[in-house]
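Numbering (this note's numbering), first residue to last: 27 to 487. For each residue, glycine too, the CB sits at the ideal point set by N, CA and C.
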Amino acid sequence: MLNLPSRPDENKDIPIGLVGAPELIEPIVLVLRSFPSFRPIVRPAECDEDTVRCAEELLSEVEVLFMTDPDAFRLVKEKLPSPVPMHYLPLSGAGFFKAICRVLMQTVQSSLPLAGVTVDTFPEETVRHMIKGTDPSLSGMIHICDADRSSIEEIYEFHARHYRNGSSSASLSANRRVAERLEQSGVPCVYIEPADNDIVIALERALLSTETRRSKESQIVVGMVVVDNFDSVIRSRASEHEVQKLRLDVQRTMLDFIERLDGYLTPLGPNEFLFFTTRGLFERETGGYKYISLASQAQKRFGLSLSIGIGFGLSANVAGTNARAALRSTKDAGGGTCFIVREDQTFIGPLEMSEPLQYDLSFRDAELLKKVEEAGLTTAYLSRLFASASRHGKLDYTAVELAALLDLTTRSANRLLVQWADAGLAEPREMRKAGRGRPTQVYVFTFMREHLSEHGISLRS
Numbered sequence: 027m028l029n030l031p032s033r034p035d036e037n038k039d040i041p042i043g044l045v046g047a048p049e050l051i052e053p054i055v056l057v058l059r060s061f062p063s064f065r066p067i068v069r070p071a072e073c074d075e076d077t078v079r080c081a082e083e084l085l086s087e088v089e090v091l092f093m094t095d096p097d098a099f100r101l102v103k104e105k106l107p108s109p110v111p112m113h114y115l116p117l118s119g120a121g122f123f124k125a126i127c128r129v130l131m132q133t134v135q136s137s138l139p140l141a142g143v144t145v146d147t148f149p150e151e152t153v154r155h156m157i158k159g160t161d162p163s164l165s166g167m168i169h170i171c172d173a174d175r176s177s178i179e180e181i182y183e184f185h186a187r188h189y190r191n192g193s194s195s196a197s198l199s200a201n202r203r204v205a206e207r208l209e210q211s212g213v214p215c216v217y218i219e220p221a222d223n224d225i226v227i228a229l230e231r232a233l234l235s236t237e238t239r240r241s242k243e244s245q246i247v248v249g250m251v252v253v254d255n256f257d258s259v260i261r262s263r264a265s266e267h268e269v270q271k272l273r274l275d276v277q278r279t280m281l282d283f284i285e286r287l288d289g290y291l292t293p294l295g296p297n298e299f300l301f302f303t304t305r306g307l308f309e310r311e312t313g314g315y316k317y318i319s320l321a322s323q324a325q326k327r328f329g330l331s332l333s334i335g336i337g338f339g340l341s342a343n344v345a346g347t348n349a350r351a352a353l354r355s356t357k358d359a360g361g362g363t364c365f366i367v368r369e370d371q372t373f374i375g376p377l378e379m380s381e382p383l384q385y386d387l388s389f390r391d392a393e394l395l396k397k398v399e400e401a402g403l404t405t406a407y408l409s410r411l412f413a414s415a416s417r418h419g420k421l422d423y424t425a426v427e428l429a430a431l432l433d434l435t436t437r438s439a440n441r442l443l444v445q446w447a448d449a450g451l452a453e454p455r456e457m458r459k460a461g462r463g464r465p466t467q468v469y470v471f472t473f474m475r476e477h478l479s480e481h482g483i484s485l486r487s
């Protein structure tokens with residue numbers, strides 16, 4: 027029995043209609059918890075008629091419709107002209123890899139030879155490519171059904187026929203109804219489930235298509251930053267000269283942070299700052315309101331604790347009032363943290379006070395992953411590169427920049443860059459002049475571009 031919200035939660039902003047198979051709606055709702063802007067309205071549908079009816083009911087209630095699978099999306103698109111954006115949960119290699127690995131494991135455990143595997147829904151070219159990266163010996167044993175041109179009955183018959191005539195000993199299906207019917211008929215079948223990462227990407231695209239989201243991109247953000255216990259920090263300095271240097275260093279750190287936000291900074295005193303930016307830029311810099319790197323920089327460089335209050339609003343007055351309320355909450359919590367007050371006076375926080383150094387490496391190309399590992403690009407290094415690229419859109423590095431990111435010596439960074447260039451992972455580009463010294467070589471990690479683009483991350487050209 028699904029325990030899913032079916033009525034609106036008035037504290038959230040953007041109503042999204044979820045229509046489709048109940049077993050697929052449940053994991054989508056779980057992932058939706060990490061999207062505070064969405065208010066899910068759920069309509070489980072057991073058949074095609076229910077899918078169209080539920081979608082039609084939701085058109086006047088939601089800003090975006092989200093279908094659980096491509097079949098439901100195509101059906102509603104054909105039957106129902108929609109005035110709101112429509113999206114669906116696409117299939118990817120992540121779910122396929124997991125399913126094929128289960129088949130191979132079951133074959134090993136049964137000690138029976140694998141006669142073949144039938145697959146539906148995925149295009150033939152995609153399946154061949156993924157199999158090549160998993161186990162090339164399977165290429166001649168894969169039978170693919172063109173699910174786009176087949177009914178559920180035809181897909182079922184395709185799997186069952188190959189199993190009955192002995193050309194297949196297992197089936198992979200991305201259609202839940204087909205998978206259940208095959209199991210009931212005694213045909214071994216593994217259901218290809220969508221991965222959480224696929225759900226996140228699809229929901230991000232749905233969010234970006236909404237009118238509310240587009241208007242919020244340019245919404246005003248006001249930030250108030252206070253250095254905690256600044257007087258005691260000053261008293262610990264040996265001279266006035268050191269105090270002045272500290273103040274300049276703190277202001278320079280603030281300016282660097284505001285530059286990334288394309289914002290405007292005003293010092294209100296030696297230990298208090300006010301800044302302005304837009305919501306879209308602030309969200310990207312903070313990873314979707316999850317962390318704020320300014321605090322960790324101040325702590326690491328100067329041993330200072332920051333209290334930060336952020337306010338959103340449709341006017342500067344509202345945003346400023348909310349920022350002050352957020353700062354009070356930060357102080358009430360003991361300082362050294364950050365809260366956000368949104369335009370409806372709801373709170374977000376406290377935020378993490380440092381950015382994550384890791385990145386979710388959900389590679390779908392096994393060949394690429396093998397190539398990366400053979401070139402000595404470890405998972406730890408790769409994760410830091412992706413974390414930096416996803417935040418700054420940066421794929422180009424000099425040896426000095428790479429050394430700072432990976433916590434290496436410049437000599438080691440140079441050696442690794444040459445090694446990765448030889449493996450085709452990095453490309454030497456233009457020479458960059460740094461000060462009065464000799465120009466330094468810039469390397470671009472081109473292999474990361476496609477992966478990051480799939481996640482909707484904008485990159486520098």
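Under DSSP, Ile334 takes part in a beta bridge, and its partners are Val251 and Cys364. When beta bridges are read from the DSSP output, Val470 appears opposite Asp422 and Glu453. Closest option to His169, judged by alpha-carbon separation, among Val248, Phe148 and Leu451: Phe148. Per the DSSP secondary-structure output, His188 pairs with nothing in a beta bridge. In the DSSP assignment, Ser136 falls within the alpha helix (DSSP H) that extends over Gly119 to Ser136.
In the structure shown, Val143 adopts extended strand secondary structure according to DSSP, grouped into three states.
Non-local C-beta neighbours of Leu431 in its own chain, meaning closer than 8 Å and more than five positions away in sequence, comprise Arg410, Leu411, Ser414 and Tyr423, ordered along the chain. Nearest to Ala345 by alpha-carbon distance, out of Gly314, Leu274 and Thr304, is Thr304.
Shown here, Phe61 sits in coil according to DSSP, grouped into three states, outside any helix or strand.
Contact between Ala324 and Cys364 fails: their C-beta atoms lie close to 12 Å from each other, not under 8 Å. CA-to-CA, the gap between Ser258 and Leu353 works out to about 21 Å.
Close CB contacts of Ala439 within its chain, under the 6 Å cut and outside five residues either way in sequence, are with Ala425, Leu428 and Ala429 (chain order). Contact annotation: Ser108 and Ala81 have beta-carbon atoms nearer than 9 Å. Annotated three-state conformation of Pro149 is coil, per DSSP. Apart from the 5 residues on each side of it in sequence, Ala449 sits with its Cβ closer than 6 Å to the Cβ of Ala401 in its chain, given in chain order. Per DSSP, the unbroken alpha helix (DSSP H) holding Ile225 starts and ends at Asp222 to Leu234. Per DSSP, Ser197 is one residue of the beta strand (DSSP E) stretching across Ala196 to Ser199. Bridge pairing for Cys171: Asp146 [DSSP]. Around the beta-carbon of Pro465, fewer than 16 other beta-carbon atoms lie within 10 Å, marking it exposed. Taking a C-beta distance under 9 Å as the contact criterion, Gln371 and Ala351 qualify as a contact pair. Counting only the Cα atoms, Ser165 lies some 16 Å from Ala125. Given a length threshold of 4 residues, each whole run of the alpha helix (DSSP H) inside the region 69-112 is given here in chain order: 74-84 and 96-105. Contact between the region 98-117 and the region 70-86 is established, with three or more Cβ pairs separated by less than 8 Å. Counted as a single uninterrupted DSSP element, the alpha helix (DSSP H) harbouring Glu268 occupies residues Glu266 to Arg286. With respect to the 9 Å criterion, Thr94 and Leu50 are classified as neighbours on the basis of their beta carbons. Looking at the DSSP output, Phe299 shares a beta bridge with Val251 and Pro293.
Under the three-state reduction of DSSP, Ile260 is assigned to helix. Here Ala359 has Phe365 and Pro376 as same chain residues with Cβ atoms under 8 Å from its own Cβ, once five neighbours each way along the sequence are excluded. Going by DSSP, Gly43 is part of the beta strand (DSSP E) stretching over Ile40 to Gly46. Contact annotation: the region 195-209 does not touch the region 257-273, with fewer than three C-beta pairs closer than 8 Å.
Asn191 and Val57 have their C-alpha atoms roughly 41 Å apart.
In this structure, DSSP gives Gly402 a state outside helix and strand, which the three-state scheme calls coil. For Val444, the uninterrupted alpha helix (DSSP H) segment begins and ends at Thr436 to Asp448. In this structure, Ser197 and Val143 form a Cβ contact; the two beta carbons are roughly 7 Å apart against a cut-off of 8 Å. By the neighbour-count criterion, in which a residue is buried when 16 or more other Cβ atoms sit within 10 angstroms of its Cβ, Cys127 is exposed. Between the region 288-308 and the region 245-254 there are three or more inter-stretch CB-CB distances shorter than 8 Å, so the stretches are counted as touching.
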